[in-house]
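J.:
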Ligand code: AMP
Ligand code: MG
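Numbering (the working numbering), first residue to last: 447 to 850.
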């Protein structure tokens, strides 16, 4: 049986990033940047005032002084009138600093106390407070310089990157296309949510939980529905993924050794099955391969196993597919509150992590059966027991993965 890390590597070598496309900046939030971005201007673009006030000549920085107001500069104006000693310019926040000035005094530190919008500039102003050279001036290039590399390919664009791109004047941006993600469930026992249950049937839930995980990872979802336990139905739904040009297919259930596990059978016949067993708990029957050239994941059917296998294997694959630079998951350690037993497989257990004094403490959320979704609902982390370990003492250090 493959180890978790071997399986992950074998998956990732079979995944290639999708191509890029150009989108308007309005639609770029949450998308993955496809090229490096260098600044084509300085930011700020020009020296400007950080306050509403009066721009002063270097000779007039100390109070008290009364100065002649010879210019009135609003945001968006550009004044070329040089400010001489004993002169000042009224200036608004964001307006360019006029030639000849060395600092700006805030309006609150002058005798000009008319605050009604539209009030014209006074003829003279008396300053009540000294200012240092450069005070209240935002210098051109303080934030970044023309030519600086400011963003790199493979990052997901957050609000702050979108704001920066807008300030740099980028109306369009190259991003990776959203991967098309086809999702299939299978099992004769599954009824749609909302349908009345009949004896022996359960509500189908994996397509909801896995769709939520996939959409959070930024894909375009193609729902293939629920296949009945027979080859023909599984095959015809997989063919829909091919027609829809899916970049990846994820199915749940039907990949273990039951008499009705047809998903694995179809992949073996019409595709290529790379592996289907991993030394892991939960999630031993995990299939990976290709269906008509499309990377295919056959996750276990049990809801917790499907969730954990998505986190461990599908998520990094979607990151690579979507062009993200893959970084190892942030590594966190916690102290185990109570002793636990494991079976020697690499285990991903549901746990609650809490901060106690100066340490993170991990507690399991009750029964760890792979169908017990409520134990997952109560968890805020997966606790990892390494392979080969059969028991851990209370107070051991354990690795955890926070889950949102
Ligand atoms: P299987 O892999 O088909 O043997 O399924 C394993 C377990 O997971 C069974 O108890 C199934 O009823 C359950 N299961 C499979 N698929 C789903 C699904 N889409 N939603 C909820 N439970 C499922
Ligand atoms: Mg089944």
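Ideal Cβ placement from N, Cα and C applies to all residues, glycine included.
Go through its chain and collect everything with a Cβ distance to residue 573's Cβ below 6 angstroms, but skip five positions before and after it.
T.: Excluding residues within five positions, the ones whose Cβ falls inside 6 angstroms are 509, 511, 551 and 556.
J.: Compute the beta-carbon to beta-carbon distance between residue 719 and residue 733, rounded to the nearest angstrom, for a pair I have assumed lies under 8 angstroms.
T.: Right, the Cβ-Cβ distance comes to about 6 angstroms (below 8 angstroms), so this counts as a contact.
J.: Over what stretch of residues does the beta strand (DSSP E) that includes residue 558 continue unbroken?
T.: Taken as a continuous stretch (DSSP letters only), residue 558 belongs to no beta strand (DSSP E), as it is neither H nor E.
J.: From the DSSP output, read off the bridge partner residues of residue 431.
T.: Limits of the chain in this structure are 447 at one end and 850 at the other, which puts residue 431 out of reach.
J.: Would DSSP call residue 606 helix, strand or coil?
T.: Helix.
J.: Residue 757 lies in the beta strand (DSSP E); which residues open and close that run?
T.: Here residue 757 belongs to no beta strand (DSSP E), and DSSP marks it neither H nor E.
J.: Are the stretch 680–691 and the stretch 623–630 touching, with three or more C-beta to C-beta distances below 8 angstroms?
T.: Contact holds: three or more Cβ-Cβ distances are below 8 angstroms.
J.: Using a threshold of 7 angstroms, is the CB atom of residue 898 nearer than that to any non-hydrogen atom of the ligand MG?
T.: Residue numbering for the chain in the displayed model covers 447 to 850; residue 898 lies beyond these limits and cannot be assessed.
J.: Residue 778 bridges to which residues according to DSSP?
T.: The partner list for residue 778 (beta bridge, DSSP) reads 846.
J.: Suppose contacts are defined by Cβ-Cβ distances below 8 angstroms. Is residue 680 in contact with residue 450 by that definition?
T.: No, the Cβ-Cβ distance between residue 680 and residue 450 is not below 8 angstroms.
J.: Residue ranges of each alpha helix (DSSP H) run of no fewer than 4 residues wholly in the stretch 643–671, ordered along the chain?
T.: The qualifying runs are 652–662.
J.: By the DSSP assignment, the alpha helix (DSSP H) with residue 679 in it spans what residues?
T.: Element bounds for residue 679: 677–689.
J.: Within the stretch 691–766, note down every full beta strand (DSSP E) run reaching 3 residues or more, in order along the chain.
T.: Qualifying beta strand (DSSP E) stretches, in chain order: 694–698, 717–721, 733–737 and 740–745.
J.: If you measure between the beta carbons of residue 513 and residue 533, is that distance less than 8 angstroms?
T.: Cβ distance < 8 angstroms, so residue 513 and residue 533 count as in contact.
J.: Cutting at 7 angstroms between CB atoms, please list the residues of its own chain near residue 476, excluding the five before and the five after it.
T.: 602, 603 and 664, listed in sequence order.
J.: Since I believe residue 480 is in contact with residue 617 (beta carbons under 8 angstroms), could you give me their beta-carbon distance rounded to a whole number of angstroms?
T.: About 16 angstroms separates the two Cβ atoms, so there is no contact after all.
J.: Flag this pair as yes or no: are the beta carbons of residue 853 and residue 841 separated by less than 8 angstroms?
T.: This structure cannot speak to residue 853, because the chain is shown only from 447 to 850.
J.: Can you tell me whether residue 553 is helix, strand or coil according to DSSP?
T.: Three-state result, residue 553: helix.
J.: Return the first residue and the last residue of the beta strand (DSSP E) that residue 537 is part of.
T.: Residue 537 -> beta strand (DSSP E) spans 533–537.
J.: Measuring only the C-alpha atoms, how far is residue 797 from residue 824?
T.: Straight-line Cα distance between these residues: approximately 8 angstroms.
J.: Could you check which residue in 753, 677, 717 and 674 has the C-alpha nearest to that of residue 862?
T.: With the chain covering 447 to 850 only, the question about residue 862 has no answer from this structure.
J.: Given a threshold of 16 other Cβ atoms within 10 Å of its Cβ, counted over all protein chains shown, does residue 801 qualify as buried or as exposed?
T.: Exposed: under 16 other Cβ atoms inside 10 Å.
J.: Report, in whole angstroms, the separation of the C-beta atoms of residue 578 and residue 491, which I expect to be a contact under 8 angstroms.
T.: With 8 angstroms as the limit, residue 578 and residue 491 do not qualify as a contact, their Cβ atoms being about 24 angstroms apart.
J.: By the DSSP assignment, the beta strand (DSSP E) with residue 629 in it spans what residues?
T.: Unbroken beta strand (DSSP E) run through residue 629: 626–632.
J.: Bridge partners for residue 803 per DSSP, in chain order?
T.: Paired residues: none, contrary to the question.
J.: For residue 584, which residues in the same chain have their Cβ closer than 8 angstroms to its Cβ, ignoring the five residues on either side in sequence?
T.: Answer for residue 584: 490, 493, 494, 495 and 496, listed in chain order.
J.: So what does residue 500 bridge to, in DSSP terms?
T.: The partner list for residue 500 (beta bridge, DSSP) reads 536 and 551.
J.: With DSSP as the reference, label residue 455 as helix, strand or coil.
T.: Residue 455 falls in the helix class under three-state DSSP.
J.: Going by Cα to Cα distance, which pick from 615, 846 and 608 is closest to residue 592?
T.: With distances taken between Cα atoms, residue 592 lies closest to 615.
J.: Does residue 819 come out as helix, strand or coil in the three-state DSSP assignment?
T.: It is helical.
J.: Residue 620 lies in the beta strand (DSSP E); which residues open and close that run?
T.: Counting along the chain, the beta strand (DSSP E) containing residue 620 begins and ends at 618–622.
J.: Counting along the chain, where does the beta strand (DSSP E) carrying residue 783 start and finish?
T.: Per DSSP, residue 783 belongs to no beta strand (DSSP E) and is neither H nor E.
J.: Note the first and the last residue of the continuous beta strand (DSSP E) segment covering residue 434.
T.: For residue 434 there is no data in the structure shown, the boundaries of the chain being 447 and 850.
J.: Looking at chain D, is there any beta carbon in it that lies within less than 8 angstroms of the beta carbon of residue 671?
T.: Absence of chain D from the displayed structure is noted, only one protein chain being present.
J.: Using a Cβ-Cβ cut-off of 6 angstroms (strictly less than) and excluding sequence neighbours within five positions of residue 469, which residues of its own chain qualify?
T.: Result list for residue 469: 621, in chain order.
J.: If you compare alpha carbons, which of 829, 581 and 638 is closest to residue 503?
T.: Of the listed residues, the one whose Cα sits closest to residue 503 is 581.
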